[in-house]
Amino acid sequence: MSSIIIASDSPETGRRIADETAKFLGYTYMDPEDVLSAVATKRNLDKDKLKKVLDTLPSSFGRTSRVWRQWLAFIQEATLGRLMEDQMVCHGLAAHLYVMGVSHILKVRIITSEMERLQILASQRDISADKAKKIMKRMEKQRHQWCLQAFQMDETDPSRYDLVISLNQITAKEAVKTIAGVIKYKKFKPMTYSIKCLEDLELESRVRASIIKDHPEASVTARDKTITVKVKTLKRERKKKTAAIKELVGGIDGVDYVEVHFINDIVRQAAESFR
Amino acid sequence: MTGADLDNTDGSGSQRILVGRYRQMDAVNKAREALLGRREFSLRLQISLGFFLVFLIAVAIGTALLVTIYQIENKLIFLEIVNDYVIEIQQARRFEKNFFLYGTNLSDALENVYTAKDILERNANELIKIQGKDVQDTILTNISHYEEILERLASLEEAKDKTLDYLIQKKEMELGLRDQGQKMISYAQDMMASERDSVTRVILKARSIHIFSFICLLIFMALNAYLLGSQILGHIRRFADHSKRIAMGDFTPIMPSRRFRNEFTDLALAINYMMQELESRETVLIQSHKMRAVGTLTAGIAHELNNPLNNITLTAHMLLEDFDNLSVDERKEMMSDVVSEADRAKDIIRNLLDFARESSSQMETLDLEKLLKDTIHLASNQIKLTRMKIRFQTVGHLCHIHGDGQQLRQVFLNLILNAIDASPNEGEIQILLLPADEPGYAAVKVIDFGSGIPDHVLGSIFDPFFTTKSKGKGTGLGLSVSQGIIAKHGGRIQVSSTEGKGTTFTVILPVTPIAMKIDNE
Amino acid sequence: MPEKLKVLVLDDEPIVGKRLKPALSKIGCEVEVFEEPKSALTRIEEKEFDIVVTDIRMDEIDGMEVLDYVAKRWPRTKVVMITGYAMMALAREAMEKGAFDFIAKPFKPDDLRRVIAKAAKALGRPIDFDTDSK
Numbered sequence: 256m257s258s259i260i261i262a263s264d265s266p267e268t269g270r271r272i273a274d275e276t277a278k279f280l281g282y283t284y285m286d287p288e289d290v291l292s293a294v295a296t297k298r299n300l301d302k303d304k305l306k307k308v309l310d311t312l313p314s315s316f317g318r319t320s321r322v323w324r325q326w327l328a329f330i331q332e333a334t335l336g337r338l339m340e341d342q343m344v345c346h347g348l349a350a351h352l353y354v355m356g357v358s359h360i361l362k363v364r365i366i367t368s369e370m371e372r373l374q375i376l377a378s379q380r381d382i383s384a385d386k387a388k389k390i391m392k393r394m395e396k397q398r399h400q401w402c403l404q405a406f407q408m409d410e411t412d413p414s415r416y417d418l419v420i421s422l423n424q425i426t427a428k429e430a431v432k433t434i435a436g437v438i439k440y441k442k443f444k445p446m447t448y449s450i451k452c453l454e455d456l457e458l459e460s461r462v463r464a465s466i467i468k469d470h471p472e473a474s475v476t477a478r479d480k481t482i483t484v485k486v487k488t489l490k491r492e493r494k495k496k497t498a499a500i501k502e503l504v505g506g507i508d509g510v511d512y513v514e515v516h517f518i519n520d521i522v523r524q525a526a527e528s529f530r
Numbered sequence: 155m156t157g158a159d160l161d162n163t164d165g166s167g168s169q170r171i172l173v174g175r176y177r178q179m180d181a182v183n184k185a186r187e188a189l190l191g192r193r194e195f196s197l198r199l200q201i202s203l204g205f206f207l208v209f210l211i212a213v214a215i216g217t218a219l220l221v222t223i224y225q226i227e228n229k230l231i232f233l234e235i236v237n238d239y240v241i242e243i244q245q246a247r248r249f250e251k252n253f254f255l256y257g258t259n260l261s262d263a264l265e266n267v268y269t270a271k272d273i274l275e276r277n278a279n280e281l282i283k284i285q286g287k288d289v290q291d292t293i294l295t296n297i298s299h300y301e302e303i304l305e306r307l308a309s310l311e312e313a314k315d316k317t318l319d320y321l322i323q324k325k326e327m328e329l330g331l332r333d334q335g336q337k338m339i340s341y342a343q344d345m346m347a348s349e350r351d352s353v354t355r356v357i358l359k360a361r362s363i364h365i366f367s368f369i370c371l372l373i374f375m376a377l378n379a380y381l382l383g384s385q386i387l388g389h390i391r392r393f394a395d396h397s398k399r400i401a402m403g404d405f406t407p408i409m410p411s412r413r414f415r416n417e418f419t420d421l422a423l424a425i426n427y428m429m430q431e432l433e434s435r436e437t438v439l440i441q442s443h444k445m446r447a448v449g450t451l452t453a454g455i456a457h458e459l460n461n462p463l464n465n466i467t468l469t470a471h472m473l474l475e476d477f478d479n480l481s482v483d484e485r486k487e488m489m490s491d492v493v494s495e496a497d498r499a500k501d502i503i504r505n506l507l508d509f510a511r512e513s514s515s516q517m518e519t520l521d522l523e524k525l526l527k528d529t530i531h532l533a534s535n536q537i538k539l540t541r542m543k544i545r546f547q548t549v550g551h552l553c554h555i556h557g558d559g560q561q562l563r564q565v566f567l568n569l570i571l572n573a574i575d576a577s578p579n580e581g582e583i584q585i586l587l588l589p590a591d592e593p594g595y596a597a598v599k600v601i602d603f604g605s606g607i608p609d610h611v612l613g614s615i616f617d618p619f620f621t622t623k624s625k626g627k628g629t630g631l632g633l634s635v636s637q638g639i640i641a642k643h644g645g646r647i648q649v650s651s652t653e654g655k656g657t658t659f660t661v662i663l664p665v666t667p668i669a670m671k672i673d674n675e
Numbered sequence: 051m052p053e054k055l056k057v058l059v060l061d062d063e064p065i066v067g068k069r070l071k072p073a074l075s076k077i078g079c080e081v082e083v084f085e086e087p088k089s090a091l092t093r094i095e096e097k098e099f100d101i102v103v104t105d106i107r108m109d110e111i112d113g114m115e116v117l118d119y120v121a122k123r124w125p126r127t128k129v130v131m132i133t134g135y136a137m138m139a140l141a142r143e144a145m146e147k148g149a150f151d152f153i154a155k156p157f158k159p160d161d162l163r164r165v166i167a168k169a170a171k172a173l174g175r176p177i178d179f180d181t182d183s184k
């Protein structure tokens, strides 16, 4: 049936609500740890390092931003793959930023009180309230930057969600009940169209993950098993690139047809013409 | 759209801009040539010339003054000389009278005559200059004559021979002397009188010359000031008109209006150049705004394409499935369905592409009704997307206008898209084409039944960068660009809105009588 | 032989009806095709169909109105929406109004057949079509 994506300004609270909602509804809680482990195993990466992708900016990631983008694409692929299963509750994988237009997925944002977040932070790191406040401001700024750099989006914009619950007045338990009530609305029932939308997204992420190493700048769209890859390239490299991409993508499960479009690489063209 | 298509669209877009730019440059160059082709007669020259003439007149007046003063001076000198002379002669005559009456000696009289003669001789040059040689000679003869008689008388007296003959001679001489003396004095007095008259005349003449020349100077200066002022004011008025026209979006270069070139010609050249820049910038603005509208329309197109695509998919699949069981005619029918649906898809895209890439914009006679239908067709997918209804009605007969079809389509498209944005889903938009209140104009009304525009906002909706849409959704240039385009066509856009009931945009455009085919490009 | 599934197909695109009629007949449906929403509604008024397949965006009457009408007149009837203007908001609206499924155009005949089979199953009258094959 339907699935739920929960985002929150407090990771701990978000995870708790997600977990409780899953239990309440009898859905599956999609543990980020499991997803990350699966990615780490599949791609042969260090799991702790991989985890850092989700809360570190490429500038302080320790590897190139190219690698950062690659790993992020791997996480995206795995998350969307899991969302294909029914009745999932997803949290902590930034899914609210890349799962778009799927009508049977309910997107919820949980807002917690600043006081509570400060307390959690202060007790976690064993620091004074003042210092915690400063750190929290910095973290918020960093988080905002992260969303912009990863998906060019502002996650605090309430219009991105179907439901925004503030835990200032509503308790966690009530929030869970509310989510459970809303997901029962008929409009969140999956249908041929919404399943297709999700399939397209999932295929897109799989294709992107498989070509991102060789073509980091490529943008991928999937529609009905047809893949469109847009790459920046020079005219003389077109043939070679098309063949390479078709080779890479053609073998992917679920791909019927590949189309490669080119955007003229004006900068490189100019640079080479001066040689 | 594939990458190649996008490239093309962009290419022809910039080409269009270039074409527009070149045409404008051409016009500007022509105006430039015409402006520079005039003979130069600068305001500076005009002003200097005016001042120079005033100076000349002043010099002339001064010279005339000097000449008359000099003349008067001369006359006065002459008068003085003649006066001295007359006094001496009168003295001589007094002694002469005494001699005859009391027998006093004549030497005193002779002395005076000598002095008088001396005066004449001393001032001979001046006298000749003033009176001429004849007068001088006459005076000299007269005085010599007198002197001679006087001398003879004196010598006669010396002889002391008081005979009858002496008496007769003396009497004779006395008569001769009297006659001669009288002659001399009256002659000199006549001369003096005539000279005095001439001095008065000269003074009178000098006065009238002064008065006359001052009046002349006054008239000349007034005329000069009027000409200069009216010319400058005329120029300023002309440029004020130009700037108003430019503000309305009419970028026709300024052409010379006078026969001569002056500093305002330089200003006209500068303004023409400015207009060229403005126009090219506006062309870019209009084009980029068009591309925004195209962007909006692609969403509708993408969805509308799904219908023919679906028909093709279904037909192709069924053909594949039932190929063996179908008759040849049925197969043919299905294939022709596929072909016609593919054509339909092509049409859907081509409409938009044509609008996006149509390269040259030109003024031509347009059927307003057809233009509106085309525009509505262009927006129809967007209308379907939002599940709106659009109603188009024409009142009155066919309407032809002279204008740039591309840009007008853009204006109406912009108004329709705005109306769609303003309307609630499943709302209705009405488009009316009717004769405007004033004769010779047609009105196009685009009516929506949305929430309306609040009064305090209504005044500024045509301002550039004013937008009520959320950030990133509108540039706030749509209506401003539209107004510029309509103003260029000699029309205007009006808006009326009732909050909660809806908004009506009215575009008023001048109509071309059908019989008259205007082609004055 | 069980009674055939009664299906009404409404789309203002004539080709859709023309192709769907044989496609659905093959899996044991009795198909009536309409291009005019009005005549379709008249027909629905007098006959209870098992499944109604309708386009959403049509002139005159909207597919959503057809859905409302069917839901009121024959609550048991399953309504399948097909539209070229598929968007999340529209899809959710249709589902909320009680649509059985929502398919975006373009779709393949098998896509619709699968949905019809699912609906038949939901109606308790399964037909012979493999719903899981893709």
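Protein chains in written order, with the numbering used here: chain G, 256 to 530; chain U, 155 to 675; chain W, 51 to 184. C-beta atoms are modelled at their ideal positions from N, C-alpha and C, and glycine is treated no differently.
Straight-line Cα distance separating residue j from residue i
| i | j | result |
| --- | --- | --- |
| G/Ser465 | U/Phe620 | 46 Å |
| U/Glu675 | U/Gly559 | A caution first: U/Glu675 carries a pLDDT of 37, below 50, which makes its placement in the model too unreliable to give a value. |
| W/Ala170 | G/Arg393 | 57 Å |
| G/Ser263 | W/Met114 | 36 Å |
| G/Arg380 | G/Ala349 | 24 Å |
| W/Leu162 | W/Ala73 | 9 Å |
| U/Arg563 | U/Met472 | 41 Å |
| W/Ser183 | W/Asp160 | Per-residue confidence for W/Ser183 stands at a pLDDT of 45, beneath the threshold of 50, marking its modelled position as unreliable; no derived number is given. |
| U/Glu653 | U/Ser577 | 13 Å |
| U/His299 | U/Leu318 | 24 Å |
| G/Glu459 | W/Met137 | 19 Å |
| U/Ile574 | U/Ser614 | 20 Å |
| G/Thr296 | G/Asp289 | 11 Å |
| U/Leu586 | U/Gln547 | 5 Å |
| U/Leu439 | U/Met445 | 10 Å |
Local Cβ density within 10 Å of residue i, reported as buried at 16 or more and exposed below that
| i | result |
| --- | --- |
| G/Arg372 | buried |
| G/Leu422 | buried |
| U/Val493 | exposed |
| U/Glu433 | buried |
| U/Val549 | exposed |
| G/Tyr282 | buried |
Assigned secondary structure, residue i (DSSP; H/G/I helix, E/B strand, else coil)
| i | result |
| --- | --- |
| U/Thr269 | helix |
| U/Asn296 | helix |
| U/Lys671 | Because U/Lys671 carries a pLDDT of 44, less than 50, the predicted location of this residue cannot be relied on, and no value is offered for it. |
| U/Arg541 | coil |
| U/Ala360 | helix |
| W/Arg175 | coil |
| G/Gln374 | helix |
| G/Ala473 | coil |
| U/Cys553 | coil |
| U/Phe616 | coil |
Residue i versus the options, residue with shortest Cα-Cα distance
| i | options | result |
| --- | --- | --- |
| U/Ile583 | U/Pro589, U/Thr258, U/Val600 | U/Val600 |
| U/Ser651 | U/Val267, U/Ile223, U/Val611 | U/Val611 |
| U/Ile211 | U/Gln225, U/Ile365, U/Asp497 | U/Ile365 |
| W/Val59 | W/Asp118, W/Met131, W/Tyr119, W/Ala167 | W/Met131 |
| W/Val57 | W/Met137, W/Ala90, W/Lys158 | W/Ala90 |
| U/Val565 | U/Ser634, U/Gly604, U/Ile339 | U/Ser634 |
| U/Met517 | U/Arg541, U/Gln536, U/Ile640, U/Met429 | U/Ile640 |
Listed by chain order, chain B residues near residue i by CB distance under 9 Å
| i | result |
| --- | --- |
| W/Gly148 | No chain B is present in this structure, whose protein chains are G, U and W. |
Handout entry: Whole alpha helix (DSSP H) elements within the region 295-372 of chain G, 4-residue minimum
Key = 302-307, 320-338, 350-353
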